Amino acid sequence: MAFVWKRLLGTIPSLIGVVVLTFFISHALPGDPAAYFAGPAANAASIENIRATLGLDRPLPVQFLHYVIDLAQGNLGRSLTTGQPVLTDLIERLPASLELSSFALLFAISIAIPMGVWAATRINGSVDHACRAVVTVSAAFPTFFVGLLFVYVFYFLLGWAPQPLGRLNEIAFSPPPHVTGAYTIDALIAGDWPVLRASLAQLILPAISLGLFALAPIARITRAAMLEALGSDFIRTARASGLPARKILMTYAFRNVLLPVSSVLGMVFSFLLGSNVLIEQVFGWQGVGAYAVSAVIASDYAAVQGFVLMMAMLYVLLNLAVDIFATLVDPRVRFEG
Amino acid sequence: MAQLDIDNLSVEFRTRHGVVRALDSVSLSVSRGEIVGVVGESGSGKSVTAYTVMGLNDEAAQITKGNITMGGIDLLAARPEAMRELRGREMAMIFQSPRTALNPIRKVGKQIEDVLQEHAGLPSRDLRKAAIAALARVRIPDPERRAEAYPFELSGGMCQRVMIAMALACTPSVLIADEPTTGLDVTTQAVIMDLIRDMSRSTRMSTLLITHDLGLAGEYCDRIAVMHAGHIVEIASTEALLERPAHPYTRQLLAATPVPESRLDDLNSIPGHLPDLRGALPPCRFSGRCERRQPICDEAALPWTELSPAHVVRCRFPLS
Chain A
1 MAFVWKRLLG
11 TIPSLIGVVV
21 LTFFISHALP
31 GDPAAYFAGP
41 AANAASIENI
51 RATLGLDRPL
61 PVQFLHYVID
71 LAQGNLGRSL
81 TTGQPVLTDL
91 IERLPASLEL
101 SSFALLFAIS
111 IAIPMGVWAA
121 TRINGSVDHA
131 CRAVVTVSAA
141 FPTFFVGLLF
151 VYVFYFLLGW
161 APQPLGRLNE
171 IAFSPPPHVT
181 GAYTIDALIA
191 GDWPVLRASL
201 AQLILPAISL
211 GLFALAPIAR
221 ITRAAMLEAL
231 GSDFIRTARA
241 SGLPARKILM
251 TYAFRNVLLP
261 VSSVLGMVFS
271 FLLGSNVLIE
281 QVFGWQGVGA
291 YAVSAVIASD
301 YAAVQGFVLM
311 MAMLYVLLNL
321 AVDIFATLVD
331 PRVRFEG
Chain B
1 MAQLDIDNLS
11 VEFRTRHGVV
21 RALDSVSLSV
31 SRGEIVGVVG
41 ESGSGKSVTA
51 YTVMGLNDEA
61 AQITKGNITM
71 GGIDLLAARP
81 EAMRELRGRE
91 MAMIFQSPRT
101 ALNPIRKVGK
111 QIEDVLQEHA
121 GLPSRDLRKA
131 AIAALARVRI
141 PDPERRAEAY
151 PFELSGGMCQ
161 RVMIAMALAC
171 TPSVLIADEP
181 TTGLDVTTQA
191 VIMDLIRDMS
201 RSTRMSTLLI
211 THDLGLAGEY
221 CDRIAVMHAG
231 HIVEIASTEA
241 LLERPAHPYT
251 RQLLAATPVP
261 ESRLDDLNSI
271 PGHLPDLRGA
281 LPPCRFSGRC
291 ERRQPICDEA
301 ALPWTELSPA
311 HVVRCRFPLS
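Chain order of the listed sequences is A and B. For the record, in the first sequence the residue sitting at position 180 is 180 according to this note's numbering, with numbers rising by one throughout. For the record, in the second sequence the residue sitting at position 64 is 64 according to this note's numbering, with numbers rising by one throughout.
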């Protein structure tokens, strides 16, 4: 797998860019972490004191140098708000966000792909019109609004959903033993069905509100790619060879659609990781998104920089995964160094 | 009786811009082992004829009259599922631009196996061997290795051989070749056409060769039908058609076909265009482009003139 290493090496320049940019942008943001940290009762002298202990009184290039040296040793710094190393915070919270995003993506895929395929086989049929309506609606509503609406309807009015306060009702249940960090998977591994049920119940509303937003691009690209595939010469050949309709649709048309769909999936998943920031706030989800929001508000530089750097690395890995998948699906796709 | 018999076939397309009368009273038959060419310019209805036989026409196409039988089976009355079973087993089709006509992400051997699996009734462990045998029959060197190739790894001519191998895998009784050599270079054209001819001779397969190239049809066909604007205007044995064309359109086509001695200046183009098949059409659809047209051509119904039992022409004033 030499190409994997080449690809990873190739991303180093962009990661360096990310490090430089996030450092200077986060420091240019309004807000003074020393004042925030000192609290409302502090006087000017104690704020200056804190500023000196945090090293914020030194010139920016010097601070940057220290930051880079720490980074090279795998030290992302210490968060002012939690008091823990940023790396620990992120590792603790990332599984929650990945769990949420993955379920959202799964939900979106399981609806959007069948819908897109079906719509393409019957253009202007009822499924096609339904597809168009769903795509428009889900693309038009902002994620956080859908989230709030869901909480209002399913928790407040109907009472079907549990309290939107995090990943598990920790008064009634204790989290499953830590393996992956994703409660649903850990509960499954531990065979703890009540916890699995409870964590799924917590997950379902945020995952659907996040997934609805991912539905539109996936359904649209599936329908378009499927239409193109079904109109192509090799489908005509397959029909002229008398292959059964199911085989033509799945083995011939759909497999040719996997390539464009997978590249969109990669993009959508990175959007989802970004939208987590909003939906985690709405549902009290203890993921990296909520962590980043509070870090920005507190001008917690180390935490913001750590979050952005981690996201950048996730995008790199995600794109690599999509490219590897592409080589598996389509023999014409080859890596050229 | 002919293996494939198209009788008095008319096809219309209902489109947003009106009804296109794509075929009008087309009659054509192909015997066992015979190669019949269908020649005409783009839009003359050659491919619609082929697709109608195969039952692959667009949903907008409507067969307004006529009959098609193959080996005694009424194809127009057959149910879609029955048609699907006939396609690939009893009748097969090959297309132009073979590289795009094959599934780009499936090994060519596998694509032939798909056809065999559907129609040949072979146990699945024999499929691969049968697919390789099919490739060997179309004289593909090293068929075991080629079966593992994807279409993009093969040349255009090699892809067309794969297409032929696929079409002939179940030894159909009817083969329709729709411009099979368009887009291939000249030497490859000859190889492919020789292959099609040898295959139809050796398996006594009825072959319908659709082409715009009268020279190619003249070289490989036993009989040739000339189509213009949804009409067959002349059918004759190749020899009679090339030497004694009776329809003005056929003669103009011949004058527009290059031969080795011809220079560019010698080649004629046929004046005018195909008529719009949507509006009211004169009885003779060629009359608008015909230099021998008489007032009566646009009035009375168009007769078939029989010059000999095997040479008929749809013209009131055939050339002699």
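Here a beta-carbon is modelled for each residue, glycine too, at the ideal position from N, C-alpha and C. Nothing here was measured: the structure is a model prediction, and the numbers come from that model.
In the three-state reduction of the DSSP assignment, Asn67/B falls in the strand class, which pools E and B. By the Cβ test, the stretch 21 to 37 of chain B is not in contact with the stretch 301 to 319 of chain A, since fewer than three Cβ pairs between them sit closer than 8 Å. A straight-line Cα-Cα distance of about 49 Å links Leu188/A and Val62/A. By the CB criterion at 8 Å, Arg285/B and Ala229/B fall inside the cutoff. Ranked by Cα distance from Ala298/A, the options Thr11/A, Ala35/A, Trp160/A, Arg122/A are led by Ala35/A.
Inside the stretch 30 to 92 of chain A, DSSP marks no whole beta strand (DSSP E) run of 3 or more residues.
When Cβ pairs closer than 8 Å are counted between the two stretches, the stretch 28 to 45 of chain B is seen to touch the stretch 212 to 222 of chain B, the count reaching three or more.
Distance from the CA atom of His212/B to the CA atom of Gly40/B, rounded to whole angstroms, is 5 Å. At a cut-off of 8 Å between C-beta atoms, Leu102/B counts as an interface residue with respect to chain A. Asn319/A sits in a helix when the DSSP states are folded into three classes.
For Ala2/A, the enclosing alpha helix (DSSP H) covers residues 2 to 10. Between Gly287/A and Leu100/A, the gap from beta carbon to beta carbon is short of 8 Å. The beta-carbon distance between Thr64/B and Val11/B, rounded to whole angstroms, is 7 Å. This is short enough to meet the 8 Å contact definition. The alpha helix (DSSP H) runs lying completely inside the stretch 198 to 278 of chain A and spanning 4 residues or more are 233 to 240, given in chain order. Of all residues in the stretch 226 to 244 of chain A, only Ser232, Asp233, Phe234, Ile235, Arg236, Thr237, Ala238, Arg239, Ala240, Ser241, Gly242, Leu243, Pro244 come within less than 9 Å of chain B when Cβ atoms are compared, listed by chain position. Under the DSSP assignment, Leu175/B falls in the beta strand (DSSP E) whose first and last residues are 174 to 178. By the CB criterion at 8 Å, Ser206/B and Gln3/B fall inside the cutoff.
Residues Pro176 of the same chain have their beta carbon placed closer than 8 Å to that of Asp192/A, with the five preceding and five following residues left out of the count. A Cβ of chain B is located within less than 8 Å of the beta carbon of Arg255/A. Closest option to Arg93/A, judged by alpha-carbon separation, among Trp160/A, Ile111/A, Arg332/A, Tyr183/A: Tyr183/A. For Ile270/B, the three-state secondary structure derived from DSSP is coil.
If you look at Arg132/A, you'll find it in the alpha helix (DSSP H) that goes 126 to 140.
The beta carbon of Lys6/A sits no closer than 8 Å to any beta carbon of chain B.
For Gly218/B, the uninterrupted alpha helix (DSSP H) segment begins and ends at 214 to 220. Beta-bridge partners assigned by DSSP to Arg14/B: Val19/B. For Ser275/A, the closest alpha carbon among the candidates Gly147/A, Leu168/A, Ala321/A is that of Gly147/A.
DSSP places Met205/B in the coil class of the three-state scheme, outside both helix and strand. Gln96/B sits in coil when the DSSP states are folded into three classes, being neither helix nor strand.
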